[in-house]
Amino acid sequence: AQSVTQLDSQVPVFEEAPVELRCNYSSSVSVYLFWYVQYPNQGLQLLLKYLSGSTLVESINGFEAEFNKSQTSFHLRKPSVHISDTAEYFCAVSDNRNSGGSNYKLTFGKGTLLTVNP
Amino acid sequence: ETGVTQTPRHLVMGMTNKKSLKCEQHLGHNAMYWYKQSAKKPLELMFVYNFKEQTENNSVPSRFSPECPNSSHLFLHLHTLQPEDSALYLCASSRTGIGTEASFGQGTRLTVV
Numbered sequence: 013a014q015s016v017t018q019l020d021s022q023v024p025v026f027e028e029a030p031v032e033l034r035c036n037y038s039s040s041v042s043v044y045l046f047w048y049v050q051y052p053n054q055g056l057q058l059l060l061k062y063l064s065g066s067t068l069v070e071s072i073n074g075f076e077a078e079f080n081k082s083q084t085s086f087h088l089r090k091p092s093v094h095i096s097d098t099a100e101y102f103c104a105v106s107d108n109r110n111s112g113g114s115n116y117k118l119t120f121g122k123g124t125l126l127t128v129n130p
Numbered sequence: 004e005t006g007v008t009q010t011p012r013h014l015v016m017g018m019t020n021k022k023s024l025k026c027e028q029h030l031g032h033n034a035m036y037w038y039k040q041s042a043k044k045p046l047e048l049m050f051v052y053n054f055k056e057q058t059e060n061n062s063v064p065s066r067f068s069p070e071c072p073n074s075s076h077l078f079l080h081l082h083t084l085q086p087e088d089s090a091l092y093l094c095a096s097s098r099t100g101i102g103t104e105a106s107f108g109q110g111t112r113l114t115v116v
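Going down the list, the sequences are from chains C and R.
FYI, our numbering numbers position 54 of the first sequence as 66, with every residue one higher than the one before it.
FYI, our numbering numbers position 66 of the second sequence as 69, with every residue one higher than the one before it.
Laid out in structure tokens, this is it:
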């Protein structure tokens, strides 16, 4: 079984400030890691994912996340946020064993609401 | 446009009504999911279908009845709901296999009165 902890339920920041949204996971096996974003009145959209290889992954809109196996973390960062980044961000994990049944399911954290103020 | 379309976007129903939520995906995926998103609670996985077969039911009350006639369509039939069932219901689809991500629809905002 896996679990995901997003330590901050809300993160208010000013425009052009840096931001870090924290995510820690717990799993007895190796995992794949994802960040999703949900804008108001919308569904979830994939922001970035870590499957293997380089532990630093980037999205097209300036976000990046680093997989840290020893700390079981996958924190999301952006050096300078925009008003349009205001949204809820969800961290998720999936089992990377080829168990033939549950390996495509995602376990989500509770989400972090990022509010960017002018 | 995510390739997953949910209808209706908004639904208000009485506790004695029967209604259905519809989800359609155009991505060629073979797994489909229903999630419930309530305020201040994590996303709750309700049902999982893989190649039209239900592979998971996370102790969902029987007043929620899913139907998956083919890999592209998923329904959630609702009857005698309670006010606490008011939430955003999200449909998602994915390929099966390790490391695959899900594509989500925009959700149906359900209000039970």
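Beta carbons: idealized from backbone N, C-alpha and C, even for Gly.
These numbers were taken from a predicted model, which means no experiment stands behind them.
Let me know if residue i comes out buried or exposed under the rule of 16 or more other beta-carbons within 10 Å of its beta-carbon.
i: Lys44/R; result: exposed
i: Glu100/C; result: buried
i: Val41/C; result: exposed
i: Leu118/C; result: buried
i: Ala13/C; result: exposed
Helix, strand or coil: how does DSSP classify residue i here?
i: Asp97/C; result: helix
i: Asp107/C; result: strand
i: Glu28/C; result: coil
i: Glu70/C; result: strand
i: Glu76/C; result: strand
i: Glu27/R; result: strand
i: Pro69/R; result: strand
i: Glu2/R; result: Because chain R in this structure spans residues 4 to 116, residue 2/R falls outside the shown range and cannot be described.
i: Glu87/R; result: helix
i: His87/C; result: strand
i: Gln54/C; result: coil
In chain order, what residues of the same chain lie with their CB nearer than 7 Å to the CB of residue i, ignoring the 5 residues before and after it?
i: Leu58/C; result: Phe46 and Tyr48
i: His82/R; result: Lys21 and Arg66
i: Pro91/C; result: Pro30
To which residues of the same chain is residue i closer than 6 Å at the C-beta, ignoring the five residues directly before and after it?
i: His80/R; result: Ser23 and Ser68
i: Tyr37/C; result: Val16, Thr84 and Val105
i: Phe78/R; result: Ser23, Lys25 and Glu70
i: Ser71/C; result: Leu59 and Leu60
i: Pro86/R; result: Val115
Could you check which residue in the options has the C-alpha nearest to that of residue i?
i: Gly6/R; options: Ser106/R, Val51/R, Glu87/R and Pro64/R; result: Ser106/R
i: Val43/C; options: Asp107/C, Ser82/C and Asn129/C; result: Asp107/C
i: Ser21/C; options: Thr127/C, Gly123/C, Asn129/C and Asn73/C; result: Gly123/C
i: Ser41/R; options: Glu59/R, Thr19/R and Ala90/R; result: Ala90/R
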